[in-house]
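Reviewing the structure listed below.
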Amino acid sequence: MSMSSQQYAALAYDAYSKPRETGEDSSPVNIGGASYKRLDYIDRPSGYQGVLYQRVDTRELIVVHRGTEFHRQPLRDGLYADSGMIAKLEQAGFDNRSSGLDARNPLGTAEA
Numbered sequence: 011m012s013m014s015s016q017q018y019a020a021l022a023y024d025a026y027s028k029p030r031e032t033g034e035d036s037s038p039v040n041i042g043g044a045s046y047k048r049l050d051y052i053d054r055p056s057g058y059q060g061v062l063y064q065r066v067d068t069r070e071l072i073v074v075h076r077g078t079e080f081h082r083q084p085l086r087d088g089l090y091a092d093s094g095m096i097a098k099l100e101q102a103g104f105d106n107r108s109s110g111l112d113a114r115n116p117l118g119t120a121e122a
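Just so you know, our numbering puts 55 at position 45 of the sequence shown, and the rest follows in order with no gaps.
Here it is in structure tokens:
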């Protein structure tokens with residue numbers, strides 16, 4: 011089933027609120043003009059957060075992953091994660107310089 015970008019946005023927005031109930035027997039909710047059940051809500055100490063939805067009419071499953079919430083873990087999210095990503099991207103650039111594929115030029119053209 012095809013979904014509009016507005017429906018995806020509505021699910022993403024909904025995922026940032028902890029649901030009152032989850033599971034197969036949870037009450038359907040209208041999100042973006044369609045009826046969904048929230049089958050599972052995950053909020054791990056590792057920082058992963060997500061919601062598993064099931065569209066009621068088609069029974070298709072949709073997993074929505076939440077983004078980083080800086081206010082919850084500012085040191086880990088801001089300093090460790092971001093500086094680690096930059097270091098990995100920079101190293102990838104050095105490792106792949108001869109092929110034209112590097113982190114500063116992801117399309118792989120010869121000019122950076």
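The beta-carbon is built from N, C-alpha and C at its ideal position, and this holds for glycine as well.
Discussion item. Below 6 Å, is the gap between the Cβ of residue 60 and the nearest heavy atom of the ligand GTP?
Written reply: Within the structure as shown, the ligand GTP is missing, as the structure has no ligands at all.
Worksheet item: What are the boundary residues of the beta strand (DSSP E) that residue 50 is part of?
Response: 44-53
Discussion item. What residue range does the alpha helix (DSSP H) around residue 132 cover?
Written reply: Lying outside 11 to 122, the shown extent of the chain, residue 132 is not represented and no answer is given.
Worksheet item: Any idea if residue 28 is buried or exposed, counting beta-carbon neighbours within 10 angstroms, 16 or more meaning buried?
Response: exposed
Worksheet entry | Residue environment, residue 63, which counts as buried when at least 16 other CB atoms sit within 10 Å | buried
Discussion item. Alpha carbons only, please: which of 48, 60 and 65 is nearest the one belonging to residue 77?
Written reply: 60
Worksheet entry | Alpha-carbon spacing of residue 99 relative to residue 38, whole angstroms | Residue placement at residue 99 is flagged as unreliable, the pLDDT there being 49, under the threshold of 50; the coordinate-derived value follows with that caveat. In a straight line, the C-alpha of residue 99 is about 43 Å away from that of residue 38.
Item to complete: Would you please state the rounded distance, in angstroms, between the beta carbons of residue 65 and residue 46? I believe it to be under 8 Å.
Response: 6 Å
Practice prompt. Under 8 Å by Cβ, that's how I've got residue 71 and residue 41 pegged, so tell me the actual separation to the nearest angstrom.
Written response: That pair is no contact at about 14 Å.
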